[in-house]
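Counted the way UniProt numbering counts, the sequence shown spans residues 1 to 479.
All residues carry an ideal CB built from backbone N, CA and C; glycine is no exception.
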Amino acid sequence: MAVSRHHAALTRPLSIPEIVAQAQDFEFSTRTTLQQWLKAAKMLLTEAAICEQDGNIQMAYLYLYRHAELVLDNLPKHPDYKDPSAREELAQARKALQKNIRKLEDWKPRIEREFSRYAKALEKREAERQRVLEERQRDERAGILPAKGASRRRESDDGILGDGSQIINATENSQLAVDLAQREIRRRDANKQTTRRAGLSPSEVANRRRGIVVDDSHATEPGYDQADGTREVGRQLYGHRRRESVSNEKTAKRGGDRQAYHYPSVPSREKAMTWTSPPLQPALPLPEKPRHPPARPAKEAFETSAPALPPKHYDSRPSTPSSLQPPSSPPTPAASKYTFQPTATTEGGSPLRTMLLPPSLRSTFLRLAGPNTALNLETCGILCGTIISNALLISHLILPDQTSTPETCDTTAAGDAALFDYCSASSLLVFGWIHTHPSQTCFLSSRDCHTTAGYQVMMPEAIAIVCAPRHEPGWGFSG
């Protein structure tokens with residue numbers, strides 16, 4: 001089970017023990033390489049940062065707690081845990097853990113207050129429903145019919161979550177999904193510009209998100225080494241668990257033998273950033289673009305039977321800004337008011353979040369891969385994006401440093417770290433990869449499947465897209 005996935009139960013405020021139980025519910029296997037697990041740990045921090053920026057502290061808490069579980073409990077069980085090549089990344093993960101423990105403690109009272117308010121509101125709502133039911137039963141016995149619309153009001157609650165968000169189907173509401181995505185991306189871009197104006201470089205943002213405020217990875221901190229520091233974090237985390245009376249049962253499955261096949265590195269250096277914003281077309285016209293402002297207020301359209309008011313009634317008013325004029329279409333609702341319902345599941349029944357692909361993704365990638373294709377060399381790119389209203393939006397195509405042959409494409413080792421540093425600084429998640437078959441037909445080789453499995457350790461919805469420009473069908477994808 002991947003460390004990042006849809007959580008169906010998080011459609012209402014949860015208590016701390018409930019969140020912790022869900023955070024611990026993932027499978028850990030030593031057959032997956034340590035590098036893949038370290039990448040998964042970074043993805044958890046990025047998802048937590050996105051949730052925190054969106055005000056979804058409950059989900060941010062879940063991802064940070066899961067990160068602590070992975071780093072503190074599971075990674076030490078891996079046979080490569082003491083490999084010198086992983087020492088630096090493990091040190092960074094432990095430093096992030098130290099910072100995140102403090103965050104969990106800071107967020108805990110807020111989550112408890114939200115759950116308490118929800119529980120009280122639910123109790124009040126149930127009491128009101130019981131009262132209405134008793135009144136209706138009395139009315140029925142007395143021969144009085146219930147008021148029209150009462151049953152409809154009760155039924156209308158079914159599609160509403162505990163936080164007031166409405167559950168909708170992304171497939172049936174694709175235009176709304178695009179509108180919400182455009183609006184949310186603009187909001188996040190504005191926040192990023194504010195961060196840049198504050199003088200923080202992308203590397204500083206990434207370091208702070210990982211809990212590294214000062215680059216002292218080679219310095220010796222008093223009272224902190226690999227063993228003692230881990231034990232100290234363990235005391236904090238397990239003390240936190242005991243206060244919440246959470247069972248420490250393990251759902252992780254330890255793999256016995258290591259897999260002989262080594263996953264290709266996840267590409268990382270952003271050699272060509274082709275999309276600075278999602279190439280999605282906005283569906284609704286913006287309110288600030290009316291070319292012919294209406295001469296009269298909107299309410300006059302309803303004055304069909306009453307006599308018209310004298311013109312001086314309007315002339316006496318000061319001129320109103322165009323923003324007060326009604327838009328030609330209703331404004332796009334806030335993304336936080338909707339939650340897109342998963343429309344697919346894994347073979348085990350776990351829900352999969354909807355993924356939105358830009359319509360120009362394939363043509364853009366083939367154009368960039370054109371020079372390699374002409375030389376009969378494969379090209380690979382990484383699909384990155386963000387989460388909006390529980391839907392996965394691909395917004396960036398990253399072409400990393402890579403070595404290519406007619407039948408393979410592999411990324412450089414240095415590029416691997418660069419991709420995740422960039423994604424962390426830009427709050428981007430890795431949703432899969434895309435690559436060409438310059439001379440072969442469209443299919444996924446066993447090697448491609450192994451590569452895709454590495455992405456799906458981080459996110460079960462991760463996809464692989466194959467483009468075979470010289471054959472038909474010219475492209476296909478697999479999840």
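Given a cut-off of 8 Å, decide if Tyr63 and Glu47 are closer than it, judged by their beta-carbon atoms.
Yes, these two residues count as a Cβ contact at 8 Å.
Where does Gly432 fall in DSSP's three states?
Strand at Gly432.
Reducing DSSP to helix, strand and coil, say where Glu462 ends up.
In the sequence on display, residue 462 carries Ala and not Glu. Note: Ala462 maps to coil in three-state DSSP.
Pick from Glu27, Glu69, Ile111 and Ile387: whose alpha carbon is nearest that of Ile57?
The residue with the shortest Cα to Cα distance from Ile57 is Ile111.
In whole angstroms, what separates the C-alpha of Arg188 from that of Asp106?
Going from the Cα of Arg188 to the Cα of Asp106 covers about 24 Å.
Which residues in the same chain as Ser404 place their Cβ atom closer than 7 Å to its Cβ, once the five residues preceding and following it in sequence are excluded?
So the list reads Asn372, Leu377, Glu378 and Thr379, once near-sequence residues are dropped.
Can you tell me the Cα-Cα spacing of Ile434 and Glu126, whole angstroms?
Going by the C-alpha atoms only, they are around 50 Å apart.
If contacts are defined as beta-carbon pairs under 8 Å, then Phe364 and Leu397 qualify, I think. What distance do you get, rounded to the angstrom?
First, the residue type needs correcting, since residue 364 is Thr and not Phe in the sequence shown. With 8 Å as the limit, Thr364 and Leu397 qualify as a contact, their Cβ atoms being about 6 Å apart.
Would you list, in sequence order, the uninterrupted beta strand (DSSP E) runs of no fewer than 3 residues that lie entirely inside the UniProt domain "MPN" (354–479)?
Counting only runs of 3 or more, we get 380–388, 391–399, 402–404, 409–411, 429–436, 463–467 and 475–478.
Leaving out five residues on either side along the sequence, give the residues of the same chain with a beta carbon under 6 Å from the beta carbon of Ala86.
Excluding sequence neighbours, Ala86 sits near Leu34.
Assign Pro279 to one of three DSSP states: helix, strand, or coil.
Only weak support exists for where Pro279 lies, its pLDDT of 40 falling under 50; the value from the coordinates is given anyway. Residue state, collapsed to three classes: coil.
Report the CB separation of Ala391 from Phe340 in whole angstroms; it is logged as a contact under 8 Å.
4 Å between Cβ atoms; contact.
Determine the extent of the alpha helix (DSSP H) in which Asn173 is found, giving its start and end residues.
Unbroken run through Asn173: none, as it is neither H nor E.
If you measure between the beta carbons of Ile388 and Glu52, is that distance less than 8 Å?
Against a cut-off of 8 Å, the Cβ pair of Glu52 and Ile388 comes out as no contact.
Please report the distance separating the alpha-carbon of Asp179 from that of Leu383.
Spanning the two alpha carbons is a distance of roughly 21 Å.
With a CB to CB cut of under 7 Å and the five nearest residues on each side skipped, what residues in its chain are close to Ala23?
Counting only Cβ-Cβ distances below 7 Å, and skipping sequence neighbours, we find Leu62, Tyr65, Arg66 and Glu69.
Comparing alpha-carbon positions, which option in Arg470, Phe420, Leu429 and Leu75 lies nearest Ile463?
Taking only the C-alpha atoms, the option nearest Ile463 is Leu429.
Grab me the residues of Glu303's own chain with a C-beta within less than 7 Å of its C-beta, minus the 5 sequence neighbours each way, in chain order.
Any reading at Glu303 needs caution, since the residue's pLDDT is 39, under 50, leaving its predicted position unreliable; the model's value is listed next. Excluding sequence neighbours, Glu303 sits near nothing in its chain.
If you reduce the DSSP assignment to three classes, tell me which class Tyr118 lands in.
Reduced to three states, the DSSP call for Tyr118 is helix.
From which residue to which residue does the alpha helix (DSSP H) around Gln36 run?
Run containing Gln36: Leu34 to Gln53, per the alpha helix (DSSP H) assignment.
Got a sec, what are the start and stop residues for the alpha helix (DSSP H) Tyr65 sits in?
It spans Ile57 to Ala68 - the alpha helix (DSSP H) in which Tyr65 sits, taken as one unbroken run.
Out of curiosity, what's the CA-to-CA distance linking Arg113 and Asp410?
Those two C-alpha atoms are separated by around 49 Å.
Given a cut-off of 8 Å, decide if Ala41 and Ala93 are closer than it, judged by their beta-carbon atoms.
Yes, these two residues count as a Cβ contact at 8 Å.
Where DSSP assigns a beta bridge to Gln341, which residues make up the other side?
DSSP lists Asn169 as partners of Gln341.
Measuring CA to CA, which of Ile394, Arg186, Ala177 and Pro438 is closest to Leu366?
Ranking Ile394, Arg186, Ala177 and Pro438 by Cα distance to Leu366 puts Pro438 first.
Look up Pro13 in the DSSP assignment and say whether it is helix, strand or coil.
Three-state DSSP puts Pro13 in coil, outside helix and strand.
Assuming contact is defined by CB atoms lying nearer than 8 Å, are Glu461 and Leu352 in contact in what I supplied?
Yes, the pair counts as a contact, with Cβ atoms nearer than the cut-off.
From this set, Asp448, Glu135, Ala142 and Cys442, which residue's C-alpha is nearest Pro469's C-alpha?
Comparing Cα positions, the closest option is Cys442.
Going by other Cβ atoms of all chains shown within 10 Å of its Cβ, with 16 needed for buried, is Asn191 buried or exposed?
Asn191 should be labelled exposed.
Would Asp139 be called buried (16 or more neighbouring beta carbons within 10 Å of its own) or exposed?
It counts as exposed.
Taking DSSP as the reference, what is the three-state secondary structure of Pro79?
Here Pro79 sits in coil by DSSP.
By a C-beta neighbour count over all protein chains shown, 10 Å radius and 16 as the cutoff for buried, is Leu122 buried or exposed?
Classification of Leu122: exposed, given that the 10 Å Cβ count is below 16.
Since Pro351 sits in a beta bridge, which residues does DSSP pair it with?
According to DSSP, Pro351 bridges with Thr345.
By how many angstroms is the C-alpha of Leu176 removed from the C-alpha of Pro331?
Bear in mind that a pLDDT of 49 at Pro331, under 50, signals an unreliable position, so the number given afterwards is only what the model happens to contain. Approximately 11 Å, taken between the alpha carbons.
What would DSSP say about Thr30, mapped onto helix, strand or coil?
If DSSP states are grouped into helix, strand and coil, Thr30 belongs with coil.
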